[in-house]
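Peer 1: Chains as they are written, first to last, in my numbering: chain A, 1 to 148; chain B, 149 to 341. The C-beta atom is built at its ideal place from N, Cα and C for all residues, glycine as well. Got a structure for you, written out below as C-alpha cells; questions coming shortly.
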C-alpha cells in the first residue's frame, strides 16, 4: 500500500478507533516511513490543540429561559397559521367585494375600470409567477426534508 | 443510567410527546438543549445564531414529531433537522455576504464563514485557541461538522457515522481531510505543527 492509503488510518490511530490488526499493520508501516511518522506527529499536535478549544456555555439564565422561548415559539406557530389563513380569506373576500362594487359603480368611467382591472390582473400574474418560482426551487432544495 | 434504560425512558417520553404533551417535550428539550446549542455554535460560530437555530430545530422537531418512528432515538433524528437548518443558514449567510467566486480547479469556494466565528464564544481566549476557532470557521461545512462532532461532542466514529449517514471509513477519510485543511490554515497563520 502507498502512503496515501495509510492516511485515513492515521486518524483512527490517533483517536483509538482501529482494531488490533490495523494498529499492528500501521505501526509496521510507520517504522519504515518517515514521512508518515512526521505527518502523524503534526496531527497529534493539532488534535491536542483542538481538544483545548472549548466553546463557552451560555449563562444559567439563558438555559432557564430556553424552554419559555421555545414554548412561545410553539404557541405562536399555531397563532401565526390561524392568523395567516384567516387574513388571506378575509383579504380575498373583501377584495372581490370591493372590485365587484367598483366595476358595477356607474359613476366610474370605463377607462378607469379597465385600468384598475388590468393592474390587478398584472399583480395576480406577478404573484403567481413568483409563487411558482419559489415552489420550483423549494421542491429541488435537498435540505428541505427533515424526515429520516 | 444504562443505555437500555435510558432508551426505554426516552421512548415513553416521546410517546407522550406524540400525544401532544408539552411537559414531556420540555423534558426532551432539557435533555438535549446543550448538545444542540454546542453543535449549532460549532457550525455557525456565534452565540445568538446558535441559540436561535437550536430553538428553531426543536420547534420543527415538535411540529414533525409524527415522522420519528416509534422505537427510534430522538437525538440522531433531531440532529438531521439541526444540521440541515444550520447548513441552510450558512448558505444564505454566504450568499448575502460574499461576492460569488468562480470555482478554481474543481475546488469549492468556502466563503467567509470564518469572519463570523466570534472569539467570545470560547472559554479561554488565548491567541492559539482563537486561531484554531477561526480556522474551524474557514473549513467547508462538511469538514467543520466532523471536527465538531469529534472534538466538541467527543463522539466515536460509529456515532459520527450514524449522524452523517455514512460508514466509519468515510468518517476517517473526512476527518483526515478536515484536519489536514485545519493544519494548513494554522500553519499559514504562523503556527508550527
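Measuring straight from C-alpha to C-alpha, what distance separates residue 26 of chain A and residue 334 of chain B?
Peer 2: 27 Å
Peer 1: For residue 191 of chain B versus residue 308 of chain B, is the C-beta spacing smaller than 8 Å?
Peer 2: no
Peer 1: Distance check for residue 153 of chain B and residue 183 of chain B, CA to CA, integer angstroms please.
Peer 2: C-alpha separation (whole angstroms): 20 Å.
Peer 1: Taking 8 Å as the CB-CB limit, is residue 324 of chain B close to chain A?
Peer 2: So yes, residue 324 of chain B belongs to the interface.
Peer 1: Under a three-way DSSP split, which group does residue 218 of chain B fall into?
Peer 2: coil
Peer 1: Is the Cβ-Cβ distance between residue 205 of chain B and residue 226 of chain B less than 8 Å?
Peer 2: yes
Peer 1: Is residue 137 of chain A near the ligand PLP, with its Cβ less than 7 Å from a heavy atom?
Peer 2: Annotation note on the ligand PLP: not contained in the displayed structure, which lists no ligands.
Peer 1: So for residue 55 of chain A, helix, strand or coil by DSSP?
Peer 2: strand
Peer 1: Would you mind working out which of B:193, B:318, B:301, B:291 sits nearest residue 331 of chain B, comparing C-alpha positions?
Peer 2: Closest option to residue 331 of chain B, Cα to Cα, is B:291.
Peer 1: Applying the 10 Å Cβ sphere with the 16-neighbour rule, what's the burial state of residue 254 of chain B?
Peer 2: Note that residue 254 of chain B scores a pLDDT of 44, beneath 50, so its modelled location is shaky; the value from the coordinates is reported in the next line. Exposed: under 16 other Cβ atoms inside 10 Å.
Peer 1: Between which two residues does the alpha helix (DSSP H) containing residue 183 of chain B stretch?
Peer 2: 170-192
Peer 1: Just list the residues that DSSP pairs residue 270 of chain B with in beta bridges.
Peer 2: In the DSSP assignment, residue 270 of chain B is bridged to A:55.
Peer 1: Closer than 9 Å by beta-carbon distance: list the chain A residues that pair up with residue 305 of chain B, in chain order.
Peer 2: 11, 12, 15, 17
Peer 1: Which first and last residues belong to the alpha helix (DSSP H) in which residue 289 of chain B is found?
Peer 2: 289-295
Peer 1: For residue 234 of chain B, does the count of other Cβ atoms within 10 angstroms reach 16, so buried, or fall short, so exposed?
Peer 2: buried
Peer 1: Report the residues of the region 63-94 of chain A with a CB closer than 8 Å to any CB of chain B, ordered along the chain.
Peer 2: 63, 66, 67, 69, 70, 71, 73, 74, 77
Peer 1: Leaving out five residues before and five after residue 2 of chain A in sequence, what residues of the same chain have Cβ atoms less than 7 Å from its Cβ?
Peer 2: Answer for residue 2 of chain A: no residue qualifies.
Peer 1: Could you confirm whether any beta carbon from chain B is found closer than 8 Å to the beta carbon of residue 38 of chain A?
Peer 2: Interface annotation, residue 38 of chain A: not in contact with chain B, CB-CB separation never under 8 Å.
Peer 1: Could you name the residues of the same chain whose beta carbon sits closer than 8 Å to that of residue 258 of chain B, not counting the 5 residues immediately before and after it, in chain order?
Peer 2: Residue placement at residue 258 of chain B is flagged as unreliable, the pLDDT there being 47, under the threshold of 50; the coordinate-derived value follows with that caveat. 286, 287, 288.
Peer 1: For chain B, find out if any of its Cβ atoms is closer than 8 Å to the Cβ of residue 35 of chain A; answer yes or no.
Peer 2: no
Peer 1: So within the region 5-73 of chain A, which uninterrupted beta strand (DSSP E) runs reach at least 3 residues, ignoring any that extend past its ends?
Peer 2: none
Peer 1: Assign residue 254 of chain B to one of three DSSP states: helix, strand, or coil.
Peer 2: Caution applies to residue 254 of chain B, whose pLDDT of 44 falls short of 50 and renders its modelled position unreliable; the value that the coordinates give is listed next. In this structure, residue 254 of chain B counts as coil in the three-state DSSP scheme.
Peer 1: If I'm right that residue 277 of chain B touches residue 52 of chain A with Cβ under 8 Å, what's the distance once you round it to whole angstroms?
Peer 2: Their Cβ separation, rounded to whole angstroms, is 6 Å, which keeps residue 277 of chain B and residue 52 of chain A in contact under 8 Å.
Peer 1: Can you tell me whether residue 248 of chain B is buried or exposed? The criterion is at least 16 other CB atoms within 10 Å of its CB, across all chains shown.
Peer 2: Here residue 248 of chain B scores only 48 on pLDDT, less than 50, and its place in the model should not be relied on; the value that follows carries that caveat. The residue is exposed, with fewer than 16 neighbouring Cβ atoms inside 10 Å.
Peer 1: Here's a check: name, in chain order, each residue in its chain whose Cβ is nearer than 7 Å to the Cβ of residue 33 of chain A, leaving out the five neighbours to either side.
Peer 2: 3
Peer 1: Consider the Cβ of residue 45 of chain A: report whether some Cβ of chain B lies at a distance smaller than 8 Å.
Peer 2: yes
Peer 1: Going by beta-carbon coordinates alone, are residue 265 of chain B and residue 281 of chain B separated by less than 8 Å?
Peer 2: Between residue 265 of chain B and residue 281 of chain B, the gap from beta carbon to beta carbon is short of 8 Å.
Peer 1: Go ahead and label residue 8 of chain A buried or exposed: buried means 16 or more other beta carbons lie within 10 angstroms of its beta carbon, across all protein chains shown.
Peer 2: buried
Peer 1: Hey, is residue 42 of chain A's beta-carbon within less than 8 Å of any beta-carbon in chain B?
Peer 2: yes
Peer 1: I'd like the span of the alpha helix (DSSP H) that includes residue 156 of chain B, first residue to last.
Peer 2: 151-166
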